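So for the sequence shown, this note's numbering puts the first residue at 9; every next one is plus one. Note that the Cβ used here is the ideal one computed from N, Cα and C, for glycine as well. Just so we're clear, the structure is a prediction, and the values are computed from it rather than from any experiment. The structure under discussion appears below in the form of structure tokens.
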Amino acid sequence: MTANLGQFVPLDAHPSQNVRQNPLFGLDREALAARMVAAGEPAWRGRQLAEALYRQRLAGIDQITTLPKALRQRLGDEGWEVGRPKIAQVFQSADGTERYLIQGQDRDGQTVEAVWMPEGDDGESGDGSEPDQPEEERKSWDRATICVSSQVGCAVNCQFCLTARLGLQRNLTAGEIAGQVVDVLDRHAVEVGKDRVNLVFMGMGEPFLNYDNFMAAVRLLVEEAGLSPRRMTVSTSGIVPGIERFALEPDEIRPKLAISLNAPNDAVRGEIMPINRKWPIEMVLEAARKVPLRSRERITFEYVLLGGVTDRPGHAREVTRLIRRSGLAAKVNLIAWNPGPGIAYTMPAPDAVESFRAALAGEGIPVYLRRARGRDIYAACGQLKRTVEGPRL
Ligand code: SAH
Ligand code: SF4
9 MTANLGQFVP
19 LDAHPSQNVR
29 QNPLFGLDRE
39 ALAARMVAAG
49 EPAWRGRQLA
59 EALYRQRLAG
69 IDQITTLPKA
79 LRQRLGDEGW
89 EVGRPKIAQV
99 FQSADGTERY
109 LIQGQDRDGQ
119 TVEAVWMPEG
129 DDGESGDGSE
139 PDQPEEERKS
149 WDRATICVSS
159 QVGCAVNCQF
169 CLTARLGLQR
179 NLTAGEIAGQ
189 VVDVLDRHAV
199 EVGKDRVNLV
209 FMGMGEPFLN
219 YDNFMAAVRL
229 LVEEAGLSPR
239 RMTVSTSGIV
249 PGIERFALEP
259 DEIRPKLAIS
269 LNAPNDAVRG
279 EIMPINRKWP
289 IEMVLEAARK
299 VPLRSRERIT
309 FEYVLLGGVT
319 DRPGHAREVT
329 RLIRRSGLAA
339 KVNLIAWNPG
349 PGIAYTMPAP
359 DAVESFRAAL
369 AGEGIPVYLR
379 RARGRDIYAA
389 CGQLKRTVEG
399 PRL
């Protein structure tokens, strides 16, 4: 990831004035090493810098005491700063979920959204991410899930999703994607490698329409921050070229894959997800079959239950057949639709949700019900829209 290097302009005059600083956060080890070499330092200082940014989570150049003071001074004078996105606002749900507005790196005032769910939402159940041995209890939470965004807004225009209402505002940089994670890890004093934390790329945006920055962020989180790709899940609405690229990523850095199926057939899917007209279900499944799976790993199909639209018993039978026919090692995550202002769908009746679940389970399909977390603060699936205050639902 060298994009930020290209923007670097040495600032020789008056660095303390109100000049734009360039963020180091988001640069990978090689780019940091190149920066150090350019400053007349040995390349291994790049590793020290990476360690400081992504492992020690230091937020200011001054704090990076592994670097000589003169070098820190020089980096600052040359217009560099750590530049990690900062949590600007926190919304706390009655259920312990937190939603964050995070100040991006672009200075355009746009905030980025991330969510912390202590105890998760059951979305990772059955996809091969459970630890082999139970871990000792260490924190007030035993396992947690961090949900991050890949874009501000989204261009995909799914009819049931609040994020779609924003349209696509912009792609997030690798630093902004990884920065959300590092911010939240830091806020909750997560010890990487000890605490059980899952990461889902399921916030705002379509990760596979911002592929390079998304994968650059994954690489930083795996190679520098030390997170396991087996504890990460990326969700796509079915961007076929993205799935095909993803299939070529090596096991060491490839997160698990979730596909937002959301409908039992192309007719219904085309209505609620216009993207289906470009890449219909069969094309998505064909691409998904190219993604290699590690032992015990399954592909997740997400399925939003919309009252009367996707939650009928006949739909459950169609989904069962579709998954069987796909030949994929798959599991299904059912998500009861979370309402949003101005969206004309209805929540599924609780007994429709249970019947749908039971129908799939009865046919031997692994199926889990995602719990709605943080609905009261607009943190639940599909509700992220930079809502500063929202009606209580
Ligand atoms: N853009 C990607 C990832 C973000 S959306 C994708 O669509 O897969 C994450 C999940 O939330 C998707 O499965 C999506 O179908 C679901 N979702 C969107 N709006 C929702 C809503 N209002 N209620 C419940 N789930 C929703
Ligand atoms: Fe975009 Fe996902 Fe929302 Fe569809 S569900 S509009 S792809 S964020």
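Limits of the beta strand (DSSP E) - the one that residue i falls within
i, result
"R63", "Note, R63: premise wrong, no beta strand (DSSP E); not H, not E."
"N179", "L176 to N179"
"Y219", "No beta strand (DSSP E) contains Y219, which is instead part of the alpha helix (DSSP H) from Y219 to R227."
"T244", "M240 to T244"
"K264", "K264 to S268"
"D90", "In the sequence as displayed, the identity of residue 90 is Val instead of Asp. That residue, V90, is in no beta strand (DSSP E); it is neither H nor E in DSSP."
"L235", "Premise fails: L235 is in no beta strand (DSSP E) and is neither H nor E."
"V375", "V375 to R378"
Beta carbon of residue i nearer than 9 Å to that of residue j
i, j, result
"I283", "Y311", "no"
"L377", "N346", "no"
"A186", "Y62", "yes"
"V120", "I154", "no"
"Q29", "L170", "no"
"E260", "A271", "no"
"G68", "V90", "yes"
"A366", "G315", "no"
"M212", "S157", "yes"
"A337", "L368", "no"
"A41", "R53", "yes"
"Y219", "F168", "no"
"H196", "A163", "no"
"M44", "G382", "no"
"F99", "A387", "yes"
"A172", "N179", "no"
"E127", "E232", "no"
"S334", "L293", "yes"
"E184", "P93", "yes"
"F216", "L269", "no"
"Q118", "V160", "yes"
"T241", "V276", "no"
Given residue i as reference, the closest of the options once Cα atoms are compared
i, options, result
"G131", "S148, L176, P374 and A163", "P374"
"D135", "A271, G370 and I267", "I267"
"P206", "P215, Q64 and D129", "Just to set this straight, residue 206 is Asn in the shown sequence, not Pro. Among P215, Q64 and D129, the Cα nearest to that of N206 is on D129."
"Q177", "G112, D70, G91 and G322", "G112"
"E371", "V90, A387 and T328", "T328"
"R107", "Q118, G117, I95 and D114", "I95"
"I289", "R80, D220, I247 and T318", "I247"
"G7", "S303, E232, S363 and A338", "Residue 7 lies beyond the range of the chain shown here (9 to 401); nothing can be said about it."
"E202", "V192, A172 and G234", "The displayed chain sequence assigns Lys, not Glu, to residue 202. The residue with the shortest Cα to Cα distance from K202 is G234."
"F209", "R239, G84, Q81 and E232", "R239"
"R65", "A51, M125, R80 and Q188", "Q188"
"M355", "V160, V192, A172 and R320", "R320"
"A295", "R304, L256 and Y386", "L256"
"G214", "G350, P249, P237 and A51", "In the sequence as displayed, the identity of residue 214 is Glu instead of Gly. Cα-wise, what sits closest to E214 is P249."
"K264", "M281, N273 and T244", "T244"
"W287", "K298, V299 and D274", "D274"
"L35", "R227, I385 and V317", "R227"
"L83", "I351, P31 and D114", "P31"
"L57", "D150, R37 and L174", "R37"
Counterpart residues of residue i in DSSP-defined beta bridges
i, result
"F168", "F168 pairs with nothing; no bridge assigned."
"L313", "A344"
"C155", "V123 and V208"
"I110", "I95 and V120"
"F33", "L35"
"Q100", "E106"
"T308", "A266 and K339"
"V160", "R178"
Range covered by the alpha helix (DSSP H) that runs through residue i
i, result
"M291", "I289 to A296"
"L368", "P358 to G370"
"A337", "Note, A337: premise wrong, no alpha helix (DSSP H); not H, not E."
"E252", "V248 to A255"
"I280", "D274 to I280"
Min CB distance residue i to chain C below 9 Å
i, result
"I247", "Of the chains in the structure shown, none is chain C; there is only one protein chain."
Practice item. Collect the residues with a C-beta less than 5 Å away from any heavy atom of the ligand SF4 and give them in sequence order along the chain. Key: The set, ordered by position in the chain, is C162, V164, C166, C169, T171, A172, E214 and S245.
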